[in-house]
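Read through the structure below, which is laid out as structure tokens, and then see the notes.
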Amino acid sequence: MSNKIIGLAACLVIFAGNVQAQPVGLEFYDNLSSLPYIYPNAESYYLSSYDRTGGNDDGFRGTYSQLYVDDKGEHVIFEEDGPGCVYNLWFTGSGRNLHWGKLRFYFDNEKTPRIEYEAGEFFSGLHRPFVYPLVTHSFISSGGFSCSMPIPFAGHLKITTEKTAGFYNTYYQLYKDVSLTSWTNKQDNSKLIDIFQSCGSDPKRITEDILVTRKVVPLAAAARGTMPEAELLSLNNGGTVQHIKINPLYTPDAYALNHVFLRIFYDNQDKPGVDVPIGPFFGSGLGEAQVRSLFVGMSNSGTYYCYLPMPFKKGIRITIRNRSYESGGEFFCEVGYTNRFPTERKDTAIGYFGARYNQAWPITEPNDYVLFDYKGAGAVIGQVMMVEPVKPDRKRWWEGDMRIYIDGEEKPRFHGTGHEDEYQGGWSTFWLTNPYSLPLFGQPKTKDLIDVFGQVNGSTTAYRFWPGKIHFKKSITISTEHGNHNDTPANYSSLVYYYYILN
């Protein structure tokens with residue numbers, strides 16, 4: 006049995022009794038209304054080619070591009086005991102090609118791979134069931150080759166490359182007390198493809214009637230001692246907000262969208278569970294952009310949307326507040342909700358929806374920029390991050406590695422290889438000059454691009470969602486280096502979406 010599974014069993018300190026299992030793989034996407042549930046049986050992990058010595062050899066020479074080379078000469082990049090599920094697998098290569106030969110998946114200690122493709126063919130999107138948008142190549146996700154088709158495994162999974170792969174990462178989960186069937190080519194991905202191709206509409210399967218309130222609300226510019234605030238919804242009963250949509254009836258700039266705040270108060274609490282600027286909340290911290298993710302989005306000429314469910318027990322109040330002294334305007338706002346709190350499940354908590362904004366303008370100290378630092382139990386669903394260089398020649402901030410620490414662990418559970426890699430792109434100049442927006446990840450906007458001695462520098466906003474959620478029982482810290490060894494000052498800001506349990 007994997008040591009990680011043993012550790013998972015030992016960590017179930019806030020739950021007791023029979024375990025309610027989290028939906029896995031395709032079932033996770035079939036049950037997106039269950040996002041607020043916090044499950045005791047799921048643990049998330051991230052494996053990458055990061056330099057284990059702390060340097061920047063994250064895949065350039067292939068030093069850490071495999072766990073080991075097996076007796077057949079194949080480079081093993083992933084190996085775990087199940088039950089588990091690989092939710093995302095990413096590589097980068099030169100141009101449209103991956104030059105390291107075949108990619109193979111061995112399930113449950115079988116000697117013959119169930120999946121075997123030349124790497125370029127696997128990510129081409131031409132071979133069922135590995136089709137767009139479940140897989141994307143480097144001209145779709147701008148330098149990255151990414152697979153978002155869930156790959157469950159019951160007993161064991163081993164993934165190999167024929168030759169050294171260079172840069173790679175994989176996001177996966179392991180489970181306790183779950184009965185899974187390992188992936189086969191009979192797995193029906195049609196519903197997931199439909200969901201991914203329908204970004205902009207609600208991905209949740211809601212069978213009950215949704216009540217909708219719509220209004221146009223004016224927000225004047227802030228004045229000394231006042232910050233104009235308008236109410237979008239106020240209820241004094243239990244229920245679940247199913248969507249929030251906002252459409253500015255003027256042309257807001259980036260400054261305005263970073264100073265109009267969405268505020269959500271649950272169950273008559275004085276402190277808001279959400280108090281964040283609407284630009285980053287809907288996917289872009291650099292002003293309006295074409296964002297079309299599964300859960301949030303915006304456009305230059307249409308509605309901003311959020312479909313993350315927000316349950317409440319006694320009541321809810323949603324407002325927007327203008328903290329800008331320079332601008333104001335009218336907003337068309339729509340909130341859809343149901344008058345039913347999610348059904349309680351034995352030994353499984355129901356979390357409140359939260360969003361946390363942070364910034365460091367600039368960060369100069371030799372420490373990680375912290376996107377999120379939370380004490381308590383809950384689960385992270387995704388993140389948005391913005392970077393703006395302090396000077397055109399202060400580049401290579403993108404070499405900073407993401408690090409996620411869970412439940413007080415001294416070693417990060419997630420350790421990445423650089424900003425463009427973690428948001429599923431690749432190669433800084435190509436990445437910055439080719440924005441993209443996809444269901445689970447994207448870089449929808451860049452600006453102020455400038456060539457600095459043959460390498461492009463500029464500002465970016467990027468997002469990523471984590472299928473299955475990153476569960477934590479005591480604490481979580483999400484951080485990133487700014488440059489290799491935190492040596493590059495830059496303006497960082499971020500927003501993290503999560504569900505949390507009140508004590």
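Residue numbers (this note's numbering): 6 to 508. Note that CB positions come from ideal geometry on N, CA and C, so glycine has one too.
Discussion item. According to DSSP, simplified to helix, strand and coil, what is residue 196?
Written reply: Reduced to three states, the DSSP call for residue 196 is helix.
Worksheet item: Quick one: is residue 458 buried, meaning 16 or more other Cβ sit within 10 Å of its Cβ, or exposed?
Response: exposed
Fill in: residue 41 vs residue 504 beta-carbon contact at 7 Å
The beta carbons of residue 41 and residue 504 sit closer together than 7 Å.
Worksheet item: What are the start and end residues of the beta strand (DSSP E) that includes residue 161?
Response: Counting along the chain, residue 161 sits inside the beta strand (DSSP E) bounded by residues 161-166.
Fill in: Inter-residue Cα distance where the pair is residue 141 and residue 350
37 Å
Discussion item. Per the DSSP calculation, residue 481 is bridged to which residue(s)?
Written reply: 379 and 411
Worksheet entry | Continuous beta strand (DSSP E) stretch holding residue 507: start and end | Segment: none, residue 507 is in no beta strand (DSSP E) and carries neither H nor E.
Worksheet item: Closest to residue 220 by CA distance: which of 264, 198, 249 and 461 is it?
Response: When only C-alpha atoms are compared, the closest one is 249.
Discussion item. Just to confirm my understanding: we take residue 211, look at its own chain, exclude 5 residues before and 5 after, and list those with CB closer than 8 Å. What are they?
Written reply: Annotation for residue 211: 38, 247 and 343 place their beta carbon closer than 8 Å to its own, counting only its chain and skipping 5 residues before and after.
Item to complete: Pick out whichever of 121, 143 and 144 has its Cα sitting closest to the Cα of residue 133.
Response: 121
Worksheet item: Run through DSSP, which three-state label would residue 34 get?
Response: Helix, per DSSP.
Worksheet item: Does any residue of chain E bring its CB to less than 7 Å from the CB of residue 435?
Response: No chain E appears in the structure shown, which is made up of a single protein chain.
Worksheet item: Given 8 Å as the limit, is there contact between the segment 86-98 and the segment 136-155, that is, 3 or more CB pairs closer than that?
Response: yes
Discussion item. With three or more C-beta pairs closer than 8 Å as the rule, is the segment 166-175 touching the segment 200-218?
Written reply: no
Discussion item. So, at 7 Å on beta carbons, what are the nonlocal neighbours of residue 320 in its own chain, with the 5 sequence-adjacent residues on each side left out?
Written reply: 240, 241, 242, 272 and 273
Discussion item. Does residue 253 pass the burial test, meaning 16 or more other C-beta atoms within 10 Å, or should it be called exposed?
Written reply: buried
Worksheet entry | Nearest neighbour of residue 301, chosen from 317, 205 and 236 [CA to CA] | Nearest option by C-alpha distance: 205.
Worksheet item: Tell me which same chain residues have a C-beta within less than 8 Å of the C-beta of residue 334, skipping the five on either side of it?
Response: 223, 224, 253, 254, 255, 257 and 261
Discussion item. So the candidates are 64, 455, 174 and 501; which of them puts its Cα closest to the Cα of residue 51?
Written reply: Across the set 64, 455, 174 and 501, the C-alpha of 174 shows the shortest separation from the C-alpha of residue 51.
Discussion item. Does residue 102 pass the burial test, meaning 16 or more other C-beta atoms within 10 Å, or should it be called exposed?
Written reply: exposed
Discussion item. Taking the straight line between their C-alpha atoms, what separation do you get for residue 181 and residue 354?
Written reply: 17 Å
Worksheet item: Considering only C-alpha positions, which residue in the set 112, 135 and 114 is nearest to residue 123?
Response: 135
Worksheet item: Should residue 366 go down as buried or exposed, given a rule of 16 or more other Cβ atoms within 10 Å for buried?
Response: exposed
Worksheet item: On the three-state DSSP scale, how would you describe residue 21?
Response: Per-residue confidence for residue 21 stands at a pLDDT of 36, beneath the threshold of 50, marking its modelled position as unreliable; the derived number appears in the next sentence. Coil, per DSSP.
Item to complete: State the DSSP-derived secondary structure class of residue 371, mapped to helix, strand or coil.
Response: coil
Worksheet item: Of the residues 159, 154 and 125, which one's Cα is nearest the Cα of residue 144?
Response: It is 125 whose Cα lies nearest to the Cα of residue 144.
Worksheet item: Closest by CA to residue 358, which one among 346, 348 and 313?
Response: 313
Practice prompt. Thinking residue 285 and residue 498 are a contact (beta carbons under 8 Å), I'd like their distance in whole angstroms, please.
Written response: 7 Å
Worksheet item: residue 356 and residue 506: beta carbons closer than 7 Å?
Response: yes
Worksheet item: Apart from the five residues just before and just after residue 337, which ones in its own chain have a Cβ nearer than 7 Å to its Cβ?
Response: 221, 252 and 254
Discussion item. In chain order, what are the residue ranges of uninterrupted beta strand (DSSP E) at least 3 long that sit wholly in the segment 71-141?
Written reply: 80-86, 89-97, 107-112 and 120-123
Discussion item. Considering only the alpha carbon of each residue, which of 99, 470, 71 and 406 lies closest to residue 201?
Written reply: 470
Practice prompt. Can you tell me which of the three DSSP states residue 364 falls into?
Written response: For residue 364, the three-state secondary structure derived from DSSP is strand.
Fill in: Cα-Cα separation, residue 275 to residue 375
26 Å
Worksheet item: Can you tell me the Cα-Cα spacing of residue 98 and residue 406, whole angstroms?
Response: The alpha-carbon separation between residue 98 and residue 406 amounts to approximately 19 Å.
Worksheet entry | Neighbourhood of residue 14 by C-beta distance below 7 Å, restricted to the same chain and skipping five residues each side | Below a pLDDT of 50, predicted positions are generally treated as unreliable, and residue 14, at 36, falls in that range; the measurement from the model is reported next regardless. If we look at residue 14 and ignore the five residues flanking it on each side, its Cβ neighbours are 181.
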